[in-house]
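S.K.: So the sequence shown is residues 1 to 254, counted in my numbering.
Note that the Cβ used here is the ideal one computed from N, Cα and C, for glycine as well.
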Amino acid sequence: MTNRSAIDVRQIVRSLQTDGVTLVENQLTDDQCQQALDGIEWGLQNKAGPQPLQRQRTYEWFREFPIFVELIENPLVIQIADACLGQEYHLICAEITRNEKDNHYLEAVKKTHQDHCFFPEQSDLLTQMQTRMFGFTAQWVVLDIPPEMGPTEFIPGSQRSGQRHTNEIAPSDFSFRSHFPRGSLVLYDHRVWHRGTDNHSETARDLPQNCYALHAVDKVQIMTTCEDGAEIYVPCSELLESGSDTIRKLLSPV
Ligand SMILES: O=C(O)CCC(=O)C(=O)O
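(1) Can you look up P75 in the DSSP assignment and give me helix, strand or coil?
(2) Could you pull the DSSP bridge partners for Y212 from this structure?
(3) My parser needs the alpha helix (DSSP H) runs of 4 or more residues fully inside the region 94-129; what are they?
(4) Taking L71 as the reference, which of S178, L185, G162, D19 has the closest Cα?
(5) Leaving aside the five residues before and after D214 along the sequence, list all residues of the same chain whose C-beta is less than 7 Å from its C-beta, in chain order.
(6) Between H194 and ligand 1, is there a pair consisting of the residue's CB and a ligand heavy atom that are separated by less than 7 Å?
(7) Apply the 10 Å Cβ neighbour rule to H194 and answer buried if 16 or more other Cβ atoms are within range, or exposed otherwise.
(8) Which residues in the same chain have their Cβ closer than 7 Å to the Cβ of V141, if we skip the five residues on either side of it in sequence?
(9) Which ranges does the beta strand (DSSP E) cover as unbroken runs of at least 3 residues, wholly within the region 175-223, from first to last along the chain?
(10) At the level of alpha carbons, what is the spacing between V13 and G162?
(11) Rounding to the nearest angstrom, what Cα-Cα distance links M1 and H200 in this structure?
(12) Thinking C-alpha only, which one of E41, D82, Q51, D30 is nearest R10?
(13) In the structure shown, what three-state DSSP assignment does V24 receive?
(14) State the start and end residues of the unbroken alpha helix (DSSP H) segment that holds Q159.
(15) Thinking C-beta only, is I222 closer than 8 Å to R98?
(16) Can you tell me whether DSSP reads M1 as helix, strand or coil?
(17) Confirm the yes/no value for this check: CB of N99, any heavy atom of ligand 1, distance under 7 Å.
(18) When every heavy atom of ligand 1 is checked, does at least one fall within less than 7 Å of the C-beta of L207?
(19) So, does the region 146-155 touch the region 226-245, judging by three or more C-beta pairs under 8 Å?
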């Protein structure tokens with residue numbers, strides 16, 4: 001893991017605030033990337049849903065694959081969260097997905113969108129989210145993702161204009177990057193317009209994503225569905241007892 005100077009962190013934060021998306025190379029070793037890839041395969045084999053190629057609450061795998069907790073409490077991500085969100089924020093998503101050749105894990109994310117999914121029952125926040133950053137996602141690039149492997153596409157700066165975007169716009173508007181080098185960290189504001197794309201290669205695009213947000217946003221994507229269909233947050237008691245201060249802050253009920 002690279003040590004970053006304070007000035008680097010300021011530059012990353014500025015880039016995230018200006019463009020709504022930024023990429024920081026060389027944040028994971030090859031070994032960490034491999035641990036995450038092994039963990040994704042294990043999670044897909046041993047855990048359930050919500051989609052056939054999507055799993056959530058990766059921190060619950062802390063015994064088998066502690067790498068997912070390492071990613072969640074990564075010091076650079078936490079510094080950026082402190083700078084962008086202040087002190088009162090938490091984890092609202094910790095997922096892995098697999099985007100296979102011509103088999104996207106979730107068709108809905110291929111539509112150009114902002115991450116409104118984090119405000120499903122809070123319509124007032126949908127308006128407020130346009131005025132400031134409520135949260136961001138940290139994507140971990142655990143294998144080289146060339147253009148044909150279904151990278152996420154972003155419209156830089158689109159979080160600031162208030163303009164709506166659809167899939168019908170010029171491809172050149174999605175001008176962020178088409179190649180994501182292994183070991184990189186991609187950060188994006190939940191307001192930046194983005195979309196998933198199809199994978200046309202033989203290699204599956206496996207991706208861990210962790211999302212951080214103000215307490216105004218629920219722990220939407222780390223909820224557990226009960227037998228009666230209700231969605232509740234079930235804290236991971238072992239991590240709340242013995243995890244680091246950072247993981248306890250991120251996972252504590254609010
Ligand atoms: O998996 C992808 O490439 C897209 C992810 C996305 O759009 C999202 O999580 O909101």
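M.R.: Quick answer:
(1) Residue 75 sits at position 75 when you count from the first residue of the sequence shown. Helix.
(2) Residue mapping note: residue 212 aligns to position 212 of the sequence shown, counting from 1. Beta-bridge pairing links Y212 to L91, F136.
(3) 123-128
(4) Position 71 of the sequence shown holds residue 71. If we check each option's Cα against that of L71, L185 comes out closest.
(5) Counting from one through the sequence shown, the residue named residue 214 turns up at place 214. First, the amino acid is wrong: residue 214 is Leu here, not Asp. Only L85, E88, Y89, F134, G135 meet the Cβ criterion.
(6) Position 194 of the sequence shown holds residue 194. Checking the Cβ of H194 against ligand 1 gives yes.
(7) As a position in the sequence shown, residue 194 is number 194, starting the count at 1. When all chains shown are included, H194 counts as buried.
(8) The sequence position of residue 141 within the sequence shown is 141, counting from 1. Same-chain partners within the cutoff: F180, P181, R182, G183, S184, V186.
(9) 185-189, 205-214
(10) Here residue 13 refers to the residue found at position 13 when the sequence shown is read from its first residue. Here residue 162 refers to the residue found at position 162 when the sequence shown is read from its first residue. Cα to Cα, the separation comes out at about 21 Å.
(11) Residue 1 sits at position 1 when you count from the first residue of the sequence shown. Residue 200 sits at position 200 when you count from the first residue of the sequence shown. Model confidence at M1 stands at a pLDDT of 49, short of 50, so the residue's coordinates are unreliable; what they give is reported in the following sentence. Their backbone Cα atoms lie some 31 Å apart in a straight line.
(12) Residue mapping note: residue 10 aligns to position 10 of the sequence shown, counting from 1. Ranking the options by Cα distance to R10, first place goes to D82.
(13) Working through the sequence shown from its first residue, we reach residue 24 at position 24. DSSP places V24 in strand when its eight states are reduced to three.
(14) Counting from one through the sequence shown, the residue named residue 159 turns up at place 159. Note, Q159: alpha helix (DSSP H), 158-161.
(15) Stepping through the sequence shown from its first residue, residue 98 is reached at position 98. Stepping through the sequence shown from its first residue, residue 222 is reached at position 222. Not a contact, by the Cβ cut-off of 8 Å.
(16) In the sequence shown, residue 1 corresponds to position 1, counting from 1. No answer about M1 holds up, because its pLDDT of 49 lies below 50 and its placement is not dependable.
(17) Translated into positions along the sequence shown, residue 99 becomes position 99. Because some heavy atom of ligand 1 lies under 7 Å away, the Cβ of N99 counts as near it: yes.
(18) Translated into positions along the sequence shown, residue 207 becomes position 207. Answer for L207: yes, Cβ within range of ligand 1.
(19) no
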